[in-house]
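Taking my numbering, I'd label the letters of the sequence shown as residues 61 to 292.
This report concerns only the one structure given below.
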Amino acid sequence: MQLLKIADGYEEMVKFLVEEAHANVNLCNRTNHAPLHEAVAGGFTDVVEYLLLNGADKYVVDKMGVTVWHEAAGNGSVEMLELLVRYDVSLHLDGQEQVDKVMARHPFHYAAVEGRDSFVKALLEKKLVDVNFVDADGCTAIYYAAANGHVDVMQVLLSFDGDPNIASIRRSPLHCAVEWHRVECVELLIQHSASHDSTDKNGLTPSEAAAQKGFPDLVELLEAGNAKEEAP
Numbered sequence: 061m062q063l064l065k066i067a068d069g070y071e072e073m074v075k076f077l078v079e080e081a082h083a084n085v086n087l088c089n090r091t092n093h094a095p096l097h098e099a100v101a102g103g104f105t106d107v108v109e110y111l112l113l114n115g116a117d118k119y120v121v122d123k124m125g126v127t128v129w130h131e132a133a134g135n136g137s138v139e140m141l142e143l144l145v146r147y148d149v150s151l152h153l154d155g156q157e158q159v160d161k162v163m164a165r166h167p168f169h170y171a172a173v174e175g176r177d178s179f180v181k182a183l184l185e186k187k188l189v190d191v192n193f194v195d196a197d198g199c200t201a202i203y204y205a206a207a208n209g210h211v212d213v214m215q216v217l218l219s220f221d222g223d224p225n226i227a228s229i230r231r232s233p234l235h236c237a238v239e240w241h242r243v244e245c246v247e248l249l250i251q252h253s254a255s256h257d258s259t260d261k262n263g264l265t266p267s268e269a270a271a272q273k274g275f276p277d278l279v280e281l282l283e284a285g286n287a288k289e290e291a292p
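Below, the structure is given as structure tokens:
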């Protein structure tokens with residue numbers, strides 16, 4: 061398990077273990093986490109490239125369903141993204157989307173959750189994902205960015221024609237931004253014509269949800285946006 065422990069940055073040691081000690085580049089720990097997972101997560105492109113050139117399984121999946129793309133999204137390195145693309149590490153292996161087993165989350169959505177705006181932009185620029193891709197719960201990247209207050213990510217998504225009105229099985233992105241009192245996200249969604257009339261699973265509009273949560277500032281913001289929208 062030595063290689064797994066030192067795969068996060070020690071390129072010369074990795075080379076020594078592989079070339080002199082004949083270490084198995086695919087030897088995983090008990091959760092099936094591989095050296096490649098560790099190197100990608102750490103953003104160590106030289107180590108990742110070396111492992112790939114020496115037989116590392118680029119489609120290794122651990123017991124939580126985590127792929128190297130999940131690790132790359134969490135780190136947010138565009139350089140790592142470009143390396144994975146260069147080595148033909150597909151996001152759509154056998155026509156299946158990569159989702160982990162804990163959150164059922166795609167790397168694209170994971171990047172939105174983590175606020176990795178440059179990574180999200182690179183995925184979209186390279187046409188590796190559909191900006192409006194939804195997960196099992198109907199959530200989009202805009203939904204996750206709104207929930208976590210990542211305005212920069214939302215701006216990227218909206219600039220690539222992300223739809224602010226795709227609702228999950230529970231609520232819309234605007235409801236979600238209201239729920240967590242993400243003021244800037246609410247403002248941005250209003251600017252991009254997010255629906256004021258959509259209802260969540262409890263039948264509440266965003267304004268009603270804001271009132272129920274005790275957010276008078278958001279109620280005022282939403283009502284002002286609605287009035288502006290309805291003005292002749």
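Built from N, CA and C at the ideal position, the CB exists for glycine as well.
Everything numeric in this text was worked out from a predicted model, so none of it was measured.
If you ignore the 5 residues before and after residue 250, its C-beta comes within less than 6 Å of the C-beta of 285, all in its own chain and listed in chain order.
Taking C-beta atoms as the reference points, residue 159 and residue 195 count as a pair closer than 8 Å. Counting of Cβ neighbours within 10 angstroms places residue 181 among the buried residues, the total reaching 16 or more.
Rounded to whole angstroms, the gap between the alpha carbons of residue 270 and residue 279 is 6 Å. In this structure, DSSP gives residue 178 a helical state, which the three-state scheme calls helix.
Secondary structure within the segment 251-277: the alpha helix (DSSP H) runs of 4 or more consecutive residues, fully enclosed, are 266-273 (chain order). Here residue 146 carries a helix assignment [DSSP, helix/strand/coil]. Take residue 259, set aside five residues on each side of it, and the residues of its chain with a beta-carbon closer than 7 Å to its own are 265, in chain order.
Annotation for residue 161: no alpha helix (DSSP H) segment contains it, and DSSP assigns it neither H nor E.
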